[in-house]
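Sequence lines, in order, name chains A and B. Be aware that the first sequence starts at 0, since it is given in numbering that gives the first Met the number 0, and climbs by one per residue. Be aware that the second sequence starts at 0, since it is given in numbering that gives the first Met the number 0, and climbs by one per residue. Report on the structure given below.
Number of protein chains: 2
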Amino acid sequence: MADVEHYKAMEAALRERGVRITRQRQAILSVLSEARDHPDANELLIRASAIDPSVSLSTIYRTLTVLEENGVVQRLNFEGVPAKFETTDAPHHDHIIDVETGDVIEFRSDKIEKLQAEIAAELGYEIVHHRLDLYAKRLGKTK
Amino acid sequence: MADVEHYKAMEAALRERGVRITRQRQAILSVLSEARDHPDANELLIRASAIDPSVSLSTIYRTLTVLEENGVVQRLNFEGVPAKFETTDAPHHDHIIDVETGDVIEFRSDKIEKLQAEIAAELGYEIVHHRLDLYAKRLGKTK
DNA sequence: ATGCACATGAGAATGATTTGCAAGAAGAAA
DNA sequence: TTTCTTCTTGCAAATCATTCTCATGTGCAT
Chain A
0 MADVEHYKAM
10 EAALRERGVR
20 ITRQRQAILS
30 VLSEARDHPD
40 ANELLIRASA
50 IDPSVSLSTI
60 YRTLTVLEEN
70 GVVQRLNFEG
80 VPAKFETTDA
90 PHHDHIIDVE
100 TGDVIEFRSD
110 KIEKLQAEIA
120 AELGYEIVHH
130 RLDLYAKRLG
140 KTK
Chain B
0 MADVEHYKAM
10 EAALRERGVR
20 ITRQRQAILS
30 VLSEARDHPD
40 ANELLIRASA
50 IDPSVSLSTI
60 YRTLTVLEEN
70 GVVQRLNFEG
80 VPAKFETTDA
90 PHHDHIIDVE
100 TGDVIEFRSD
110 KIEKLQAEIA
120 AELGYEIVHH
130 RLDLYAKRLG
140 KTK
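The following block contains the structure:
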């Protein structure tokens, strides 16, 4: 598994910033490094429990907050569903949410990024972060 | 007040669609038609209560849902705060949220709209709706 | 190995939003 | 208008995701 590198990178980055690496944090980091989807807190609890049964939901949430504060994961607040999480190893991207299946597809557009910055600047603002979510359905599907 | 026209338009649109216009819905519609900001459910309760003290928070929420389903209002889910609402009389626009004050500024960019549609199409999707929120701070303000 | 600051588990608390239910009104029809 | 059916409302209790409290456990610098 090549996710090991990813795991190591995250752990190192955290240690660098003085974050303690506990048993449960290891489990959570491991799960995150292997995730190919965008799990929510509950799903992370299930997966992390398989590695370390002692992990509690409280810790999942607390750890997620710590990881987010340290730039290791990103919290995705889509409409009407519990927050999903993804690691920040991949470069910045936005999301398309399939309104029929709930699937999340990632995409990136420098043009849009640039336009956003321009618009904000025109209005006298500097973007701290943004969220661009496209709720869509597959083409050629009546239902 | 020119908001009366706006109020009438909303009520007519709702009647058209078979939505009953109750006393409390009148109060809520009236408040919405006059709002120049983006009030949340609680704020709407306060304002609507001034017109009709019998309005309850449950009704605010239920009505808001009905209005949204009928295309009269839009629900804005910004991060970490209760949902805000705005009427849909103005043309589509996105939002800049001042991270320091919580202020909401509206803007519109056809270029971005077009790019979004193109990107979605390339990936085989058709946009149902989208959300573009720019969390930003005023330029030239260290804090 | 030690100690202290920080992390954890369990469950209670929170806050926004929704819901069940009995009572009250829209509004189409008579 | 009066009636009747159906939709609404207020109230309080219920949900749901997320956070917090607190007593106990544990990284990790020394």
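The beta carbon of each residue, even a glycine, is placed where N, CA and C say it ideally should be. Everything numeric in this text was worked out from a predicted model, so none of it was measured.
- With respect to the 8 Å criterion, B/L13 and B/I27 are not classified as neighbours on the basis of their beta carbons.
- Counting the other Cβ atoms within 10 Å of the Cβ of B/V30 gives 16 or more, which makes it buried.
- Residues of chain A with a Cβ closer than 7 Å to the Cβ of B/D132 are, in chain order, H129, R130.
- A/Q73 and B/L133 have their C-alpha atoms spaced approximately 16 Å apart.
- Of the residues B/N69, B/E68, B/A40, the one whose Cα lies closest to the Cα of B/S55 is B/A40.
- Beyond the five residues adjoining it in sequence on each side, A/P81 comes within less than 8 Å, by CB distance, of D39, A40, N41 in the same chain, given in chain order.
- Here A/L66 is buried: its Cβ has 16 or more other Cβ atoms, across all protein chains shown, within 10 Å.
- Of the residues B/R22, B/A11, B/F84, the one whose Cα lies closest to the Cα of B/A49 is B/R22.
- Between the region 98 to 114 of chain A and the region 114 to 121 of chain B there are three or more C-beta pairs closer than 8 Å, enough to call the two in contact.
- In this structure, DSSP gives A/R107 a state outside helix and strand, which the three-state scheme calls coil.
- Non-local C-beta neighbours of B/N76 in its own chain, meaning closer than 7 Å and more than five positions away in sequence, comprise A82, ordered along the chain.
- Contact check for B/T58 against B/V71 fails: the beta carbons are separated by 8 Å or more.
- Chain-order list of chain A residues neighbouring B/K83: empty, with the shortest C-beta distance near 14 Å, by a criterion of under 9 Å.
- Under the DSSP assignment, A/V72 falls in the beta strand (DSSP E) whose first and last residues are 72 to 75.
- Distance from the CA of A/D2 to the CA of B/V103, rounded to the nearest whole angstrom, comes to 41 Å.
- Put simply, of A/Q25, A/T100, A/F84, A/I126 the residue whose alpha carbon is nearest the alpha carbon of A/D51 is A/Q25.
- With respect to chain A, the C-beta atom of B/L31 has no partner C-beta closer than 8 Å.
- DSSP, read as helix, strand or coil, puts B/V3 in helix.
- In the DSSP assignment, B/V30 falls within the unbroken alpha helix (DSSP H) covering 22 to 33.
- Nearest CB-CB separation between B/E68 and chain A: not below the 8 Å threshold.
- Taking C-beta separations shorter than 8 Å and ignoring five residues to either side along the sequence, the partners of A/H92 in its chain run E105, F106, R107, following chain order.
- Cβ proximity to chain A below 9 Å picks out nothing from the region 12 to 29 of chain B.
- Around the Cβ of A/S53, a 10 Å sphere holds fewer than 16 other Cβ atoms; the residue is exposed.
- About 18 Å separates the beta carbon of A/F84 from that of A/H129, a gap too long to meet the 8 Å contact definition.
- Separation of the CB atoms of A/E125 and B/K136 is rounded to 6 Å, and the pair is thereby assigned contact status at 8 Å.
- Annotated three-state conformation of B/T64 is helix, per DSSP.
- DSSP, read as helix, strand or coil, puts B/T58 in helix.
- Taken atom to atom, the span from the alpha-carbon of A/R46 to that of B/G139 is near 45 Å.
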